[in-house]
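Residues 24 to 522 (my numbering) make up the first sequence, in order.
Before any comments, here is the structure.
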Amino acid sequence: MAETQTGPVRVRIAPSPTGPIHIGNIHTALFNWLFARKQGGTFILRFEDTDQERSDRKWEELIYKEMRWLGLDWDEGPDVGGPYGPYRQSERLELYQKYAQELIDRGYAYYCYCTPEELEAERKAAEKAGQAYKYSRRCLHLTEAEKAQAEAKLREQGRRPVIRFRVPEGQILAWDDLIRGRIETASDTISDFVIMRGNGIPLYNFAVVVDDITMKITHVIRGEGHISNTPMQLLVYQALGAEVPAIGHIGHILGTDGKKLSKRNGDAYVGDYRDRGFLPEALFNFLALLGWTPPDGQEIQSRDNIIRTFDLERVGKSPAIFDLQKLEWMNGVYIRMLSREELLARCLPYLQQAGLVEENPSPEKREWIGRVVALEQERIRTLAEIVPATEYFFKTEITYDPKAVQKVLKPECRPHLEAALSLLEGITETNWTTETLEKLLDGYVNEHGLKRIEVFQPIRVAVTGRTASPPLFDTLAVLGPEKVRERMRYALEHLVPAA
RNA sequence: GCCGCCAUCGUCUAGGGGCCUAGGACAUCGCCCUUUCAAGGCGAAAACACGGGUUCGAAUCCCGUUGGCGGUACCA
């Protein structure tokens, strides 16, 4: 395998700007990017926007945004330019036309005047006969006169002929796949495929090859779905007399049902993960581990380390199911590694969007929010979880979990709550710290020979509305005397049944 | 139908003929820590799809079967 590649590595990712970028595409982009960065090569972004109906500049912008968010930067592309532009297929139309004409002139391609109806009929007939469909080639053998007549007829319908590639017979089309080894296909199984539409827009299998040749792509790394396209592309390289780049196909990423990832079986788009509070560094790490194993086997890998050790040799060939639970775990690990200031900065947008925090909090308020989120740092797995986890710090009126109230705020806790309240009322604002609080309440517990949980749990429920929270004294300390006392009074008045 | 790709614990995977009584991670379960929840520590359960070969020896090589996926477009 591995044709001796001389010169710098040039790889590309070529999404169609027809929607948000799919996780599978970003995974492929990541592997290309890693390969380029590891090899000191060039990573190119190109848009395959020949589907004029669905392509839109707004999707291009979104693709830029998602790629940047994940930290995948490109060296050449529609926005930054480069020596082999333009980087949008819609701006390269003359190029494809030129190459198509060349193929016709040299007998590698021919005009086809068949209508969709005629082709459909051929297809149906083949199916009925239990045969694999292949185009009949009736347009290949037309005389000049017949061609003129056919074209005239087509024009009447406002149509123009398409250009088909003439697939040679009896050839074995083969390449040494970078990650699967040798793959062969008989050219006889391939039908003469259309390379240009009547309107002058190229088709995928032709356009990619022209682009890859002219952009001097050295390595094509793409999803396994393209394996069956490769033989046709090989034919185009051959006809154009161009050198075939190294080609490798990585496995797809699947949803939990083993099907292509979609809204039905998980989130399919990069933006979904950002919105749900996944950190780009976590998603990057996780995605890298889908299909690739670091040599040291460690799961948590820094970006630099991944680049340094990335190797196509360690990329597997089977498809991988996207395991959200593992991503969540990994995201939790990354959240715990954040500094307090970073954590705050990352959580703030979620709190603001939820209406818990104002647009521009004062420095003092910011500092306080920092203390709030720090309490949840080792408890949340995604940034979005910070909202439900810390709600009660921000709201004036909190929601009490009925089950918690019923289970914990029983008549027998009343005396403890009352005693605790009066103790807390004796603390001055400046003395309201974790240490003081702990000393005071622990003192009460010991004095009366109680178990800590008997006193602490009722306070927790009274003050947070729930049975689970960060350590009680930290929670009380951050909550502040006012909210704590008020909620305890409220609980005593409305929630704890009389003894 | 035809062509092609893939196949190790539930999931991601290590493994490239003897080092495998098949290793790690997530998830699960148990124990410890503990004011709750987490985090952390320790431990358990859990896989080579099946059938033939090749070989002294196969998870590893070959063939077949089964299953999954992809293609079979004037989509990309």
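Quick reminder that beta carbons are idealized off the backbone N, C-alpha and C, glycines included.
Cα separation between residue i and residue j?
i      : j      : result
Ile44  : Glu89  : 7 Å
Leu515 : Ala442 : 11 Å
Glu505 : Thr422 : 17 Å
Ser39  : Leu499 : 53 Å
Arg252 : Arg297 : Inspection of the sequence shows that residue 252 is occupied by Asn rather than by Arg. Whole-angstrom Cα-Cα distance: 33 Å.
Leu446 : Ala311 : 54 Å
Thr27  : Val103 : Unreliable positioning characterises Thr27 in this predicted model, as indicated by a pLDDT of 47, which lies under 50. A coordinate reading is not provided.
Gly204 : Ala407 : 43 Å
His272 : Ala149 : 31 Å
Gly105 : Met238 : 10 Å
Glu401 : Ser78  : 43 Å
Tyr122 : Gly108 : 16 Å
Gly248 : Met255 : 14 Å
Trp92  : Lys147 : 48 Å
Ala368 : Val396 : 10 Å
Ile482 : Tyr373 : 28 Å
Thr451 : Thr490 : 27 Å
Pro31  : Ile236 : 15 Å
Asp295 : Leu163 : 49 Å
Ala175 : Trp82  : 39 Å
His50  : Phe216 : 29 Å
Gln348 : Gln120 : 49 Å
Phe309 : Leu350 : 6 Å
Ile392 : Ala427 : 26 Å
Ile330 : Gly300 : 24 Å
Arg437 : Glu509 : 16 Å
Measuring alpha carbon to alpha carbon, tell me which of the options ends up nearest residue i.
i      : options                        : result
Val34  : Tyr156, His275, Ile202, Ile244 : Ile244
Met360 : Ile329, Asn328, Arg404         : Arg404
Ala230 : Ala485, Arg475, Leu118, His471 : Leu118
Asn328 : Leu502, Phe58, Thr459          : Phe58
Arg161 : Glu150, Tyr373, Thr138         : Thr138
Thr241 : Phe301, Ser210, Leu201         : Leu201
Leu313 : Asn48, Thr456, Ala368          : Asn48
Trp97  : Gly289, Thr316, Phe66          : Phe66
Asn55  : Leu85, Leu95, Ile46, Tyr87     : Leu95
Arg111 : Gln75, Gln124, Glu140          : Gln75
Gln480 : Lys430, Glu387, His471         : Lys430
Val293 : Gly64, Ile409, Tyr87, Tyr227   : Tyr87
Glu364 : Gln124, Glu84, Arg389          : Arg389
Excluding the 5 residues preceding and the 5 following residue i in the sequence, name in chain order all residues of the same chain whose CB lies nearer than 7 Å to its CB.
i      : result
Ser341 : Gly274
Trp198 : Ile206, Thr253, Leu257, Val267, Ile270
I'd like to check one pair, residue j with residue i: are the Cβ atoms closer than 7 Å?
i      : j      : result
Met511 : Leu444 : yes
His439 : Val478 : yes
Val519 : Val486 : no
Phe417 : Leu371 : no
Tyr357 : Ala305 : yes
Leu398 : Asp497 : yes
Gln194 : Ser210 : yes
Leu126 : Ala265 : no
Tyr18  : Ala173 : It is not possible to answer for residue 18, since the shown part of the chain is limited to 24 through 522.
Val190 : Val232 : no
Val484 : Arg475 : no
Tyr133 : Arg187 : yes
Thr41  : Ile224 : no
Arg337 : Trp315 : yes
Pro317 : Gln324 : yes
Asn354 : Leu432 : no
Ile46  : Ile276 : yes
Leu196 : Thr208 : yes
In chain order, what residues of the same chain lie with their CB nearer than 8 Å to the CB of residue i, ignoring the 5 residues before and after it?
i      : result
Asn222 : Arg183
Glu382 : Gln375
Thr456 : Ala500
Leu142 : Tyr158
Excluding sequence positions up to five away, which residues of its chain have a Cβ less than 6 Å from the Cβ of residue i?
i      : result
Ala37  : Arg69, Glu71
Gly278 : Leu284, Asn288, Gly289
Glu99  : Ile67, Gly105
Tyr513 : none
Would you call residue i buried or exposed, if buried means 16 or more other Cβ atoms sit within 10 Å of its Cβ?
i      : result
Ala144 : exposed
Ala168 : exposed
Gly281 : exposed
Arg115 : buried
Arg60  : buried
Ala52  : buried
Gly320 : exposed
Leu495 : buried
Asp234 : buried
Ala291 : buried
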